[in-house]
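In the order they appear, the protein sequences are chains A and B. Under our numbering, read the first sequence as residues 4 to 158, first letter to last. Under our numbering, read the second sequence as residues 4 to 158, first letter to last. Glycine residues also receive a C-beta, built at the ideal position from the N, C-alpha and C atoms.
There are 2 protein chains.
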Amino acid sequence: MDDPRWLSPQEQRAWRAHLAAHRLLSHQLDRDLQDSGLSLNDYEILVNLSESPDHRMRMSELADATIQSRSRLSHQISRMEAAGLVTRMNCEDDRRGTFAVLTDHGWTTIQKVAPGHVFSVRSHFIELMTPEQVTALEEIYKPIIAHLQAIRPAR
Amino acid sequence: MDDPRWLSPQEQRAWRAHLAAHRLLSHQLDRDLQDSGLSLNDYEILVNLSESPDHRMRMSELADATIQSRSRLSHQISRMEAAGLVTRMNCEDDRRGTFAVLTDHGWTTIQKVAPGHVFSVRSHFIELMTPEQVTALEEIYKPIIAHLQAIRPAR
Numbered sequence: 004m005d006d007p008r009w010l011s012p013q014e015q016r017a018w019r020a021h022l023a024a025h026r027l028l029s030h031q032l033d034r035d036l037q038d039s040g041l042s043l044n045d046y047e048i049l050v051n052l053s054e055s056p057d058h059r060m061r062m063s064e065l066a067d068a069t070i071q072s073r074s075r076l077s078h079q080i081s082r083m084e085a086a087g088l089v090t091r092m093n094c095e096d097d098r099r100g101t102f103a104v105l106t107d108h109g110w111t112t113i114q115k116v117a118p119g120h121v122f123s124v125r126s127h128f129i130e131l132m133t134p135e136q137v138t139a140l141e142e143i144y145k146p147i148i149a150h151l152q153a154i155r156p157a158r
Numbered sequence: 004m005d006d007p008r009w010l011s012p013q014e015q016r017a018w019r020a021h022l023a024a025h026r027l028l029s030h031q032l033d034r035d036l037q038d039s040g041l042s043l044n045d046y047e048i049l050v051n052l053s054e055s056p057d058h059r060m061r062m063s064e065l066a067d068a069t070i071q072s073r074s075r076l077s078h079q080i081s082r083m084e085a086a087g088l089v090t091r092m093n094c095e096d097d098r099r100g101t102f103a104v105l106t107d108h109g110w111t112t113i114q115k116v117a118p119g120h121v122f123s124v125r126s127h128f129i130e131l132m133t134p135e136q137v138t139a140l141e142e143i144y145k146p147i148i149a150h151l152q153a154i155r156p157a158r
């Protein structure tokens, strides 16, 4: 570490662009969701549950799918439970823990909010790229995600 | 909004890859910084101050540079002040508000921590791309960042 290989100007611009784009985008999407009372994190959880069989997922699976710790997810689910969007459920014949389940209110909420959210993602992200860039972005991130998933500590 | 243009599978993969890469990467960089007692956000603030004349920036400039609200930055600076990394300072001949200033401890900390952090950014991000992809990533994000900065509400 005595003679660190600092980032080149180009590498630094790419790294800072990734950070800035993500931060600006998540602020904008949160603002666009504001009227619905959902945060971007809430939205992501509702989508995951709505795409699962019986609209439910194990808490551990949901934590993996949304890339956060069990304890952080647990706080978030408590807030969403208070808002009537999800409930927790213990499955009698399955000792592997608690499920998060979409409520009817959660299901109508995600159906109502999804079109506007997709419109936001389109206008602030997808439509500012060429189709080739959309493909390139996935290609760029695929090995980075695989690497980071592989070294991720057990949770 | 009655007939939303849902994302195509390719568009959805690109969007989710952006989100997943950012979340995994920020968790990993936070873990790599853990021994230093800094979070990725702390690090970013120290870098911004260390690159500024006299190691200081107006709070409003620092909030812009790190893309966060004044109130969120203010809480963060309070925590970093308690850790002895920065101080707040009012400039007598300048009524435009408070400055955040790097302390000597903040300056030695960033010098000590920077080589390891750059190594992390290299090994988990930069080195998993070809030089062409590094350039492509900046090119992809440039118009997205410009668009989002332009529509960002006044803070």
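Three-state secondary structure assigned by DSSP to residue i
i      : result
A/L22  : helix
B/I143 : helix
A/T112 : helix
A/T138 : helix
A/S11  : coil
A/F128 : coil
B/A17  : helix
A/D6   : coil
B/D155 : In the sequence under discussion, the amino acid at residue 155 of chain B is Arg, which differs from the Asp named in the question. Of the three classes helix, strand and coil, the one that applies to B/R155 here is coil, per DSSP.
Inter-residue CB distance, residue i and residue j (contact presumed, cutoff 8 Å)
i      : j      : result
A/D35  : A/S123 : 4 Å
A/L43  : A/F128 : Not quite, the Cβ-Cβ distance comes to about 13 Å (not below 8 Å), so this is no contact.
A/M62  : A/L76  : 6 Å
B/M83  : B/D45  : 6 Å
A/R59  : A/M92  : 7 Å
B/V121 : A/W9   : 6 Å
A/L151 : B/Q31  : 6 Å
Given residue i as reference, the closest of the options once Cα atoms are compared
i      : options                        : result
A/A85  : A/L151, A/S11, A/H150, A/L105  : A/L105
A/F102 : A/D57, A/P12, A/I154           : A/D57
B/S55  : B/W110, B/L151, B/D6           : B/W110
A/T133 : B/P134, B/I147, B/L131, B/T133 : B/I147
B/T112 : B/G40, B/Q13, B/S11            : B/G40
B/K145 : A/P7, A/H25, A/S11             : A/H25
B/A23  : A/P156, A/A149, A/A157         : A/A149
B/A157 : B/P12, B/A66, B/G87            : B/A66
Would the region 126-143 of chain B and the region 7-17 of chain A be scored as touching if the rule is three or more Cβ pairs under 8 Å?
Output reads yes: the region 7-17 of chain A touches the region 126-143 of chain B.
Cβ contact (3+ pairs, closer than 8 Å) linking the region 106-117 of chain A and the region 59-76 of chain A
no
Would you mind listing the alpha helix (DSSP H) stretches within the region 40-109 of chain A that are 4+ residues and don't spill past its ends, in chain order?
43-53, 62-68, 73-85
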